[in-house]
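K.L.:
Have a look at this one before I ask anything.
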Amino acid sequence: MPPKPKFTREEIIAAALDLVSEKGMQALTARDIGDRLGISARPVFTAFKNMEEVQQEVRRAARNRFKSYAEKAVKYTPAFKQMGMQMILFAKEEPRLYELLFMKNEGTPHFLEEGYLSRDEIAASAVETIQKDYGLTYGDARTLFHHVWIFTFGIGALYASGVCSFSEEEINELLGQDFMAMLSRIKSGDIHQATVHPIPKV
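Going by numbering that gives the first Met the number 0, the first residue of the sequence shown is number 0, and it counts up by one from there.
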C-alpha cells in the first residue's frame, strides 16, 4: 500500500496555485511546492501521477479563481460591461494567472473559437446576456462579444505585462465607448456576423 500523503490533493494544488500566482508557471516544480508546504517533493508524486497532472489541475484552479471574479458581474447593470471590468481587475490583481489563462497557447480551445464559445459557461453567459439586454440575434451577440473581448483582453494584457495602468474611471469609459460603438455599427448593419475560424495550434 502506498504511503498516505501528508497533504491532500486540494492542499497541494492550493499551494501550487499560490506559487504560480506569485512567480509564474515556470516556477512550478515539485521541489518548490514541497518547500512551500514544508515537505519534500515525494508527497507531490504520491498524490499526483506526474507534474503534467499538477499543471492541469493548477490551470483548472486558476480558471476557477477567474470565474470567481467574472461571477460578480451578474450583480451589476449592464452585466457584460462589468464582466469586462472584472476581467481587467483579474489581470491587475493576478497578472501571472491572467498570463497563464489568456496569454499562453497550451493547446487548449481558444476563446475565439466557436466550439469553445459554446462550451465555456462564462463566454456563453456573456453572449446570452448581450442577446437579452440588447435585443440581438445570437450571431450578432457573438460578433459583438468577439470584438469587445479582444479590446478588453488587450487592456488586461497591458496590465498583466506591466506596460501601463488605467484608473477605474478610465477603464469604465474605454469599455463603454468601445461597446456602444460596436453595438451601433452592428445594429446599423455596418458590421456583419463574423465567421470564426479556429486559431492554429503551435
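Beta carbons: idealized from backbone N, C-alpha and C, even for Gly.
These figures come from a predicted structure and were not determined experimentally.
1. Within the continuous alpha helix (DSSP H) that includes methionine 50, where are the two ends?
2. Is it the case that the Cβ atoms of valine 162 and phenylalanine 144 are separated by a distance below 9 Å?
3. Whose C-beta lies closer than 8 Å to the C-beta of valine 204 among residues of the same chain, with five residues either side of it excluded?
4. Have a look at alanine 156 and arginine 64 and give me their C-alpha separation to the nearest angstrom.
5. Candidates Lys22, Pro42, Arg30: which alpha carbon is nearest glutamate 9's?
6. Give the DSSP-derived three-state secondary structure of isoleucine 32 in the structure shown.
7. Mind pulling the alpha helix (DSSP H) runs of 4 or more residues that sit fully within the segment 156 to 191?
8. Who are the near neighbours of isoleucine 190 in its chain, counting only those whose CB is closer than 6 Å to its CB and skipping five residues on each side?
9. Among the residues of its own chain, which have a CB less than 6 Å from the CB of histidine 133, if the five just before and after it don't count?
10. Output the distance between the C-alpha atoms of threonine 142 and phenylalanine 6, rounded to the nearest integer angstrom.
P.N.:
Once the coordinates are examined:
1. 50 to 69
2. no
3. Here the chain has residues from 0 to 201 only, and residue 204 is not among them.
4. 17 Å
5. Pro42
6. helix
7. 167 to 186
8. Arg184
9. Here the sequence assigns tyrosine to residue 133, which means histidine is not the residue at that position. For tyrosine 133, where only same-chain residues beyond five positions count, there are no Cβ hits under 6 Å.
10. 46 Å
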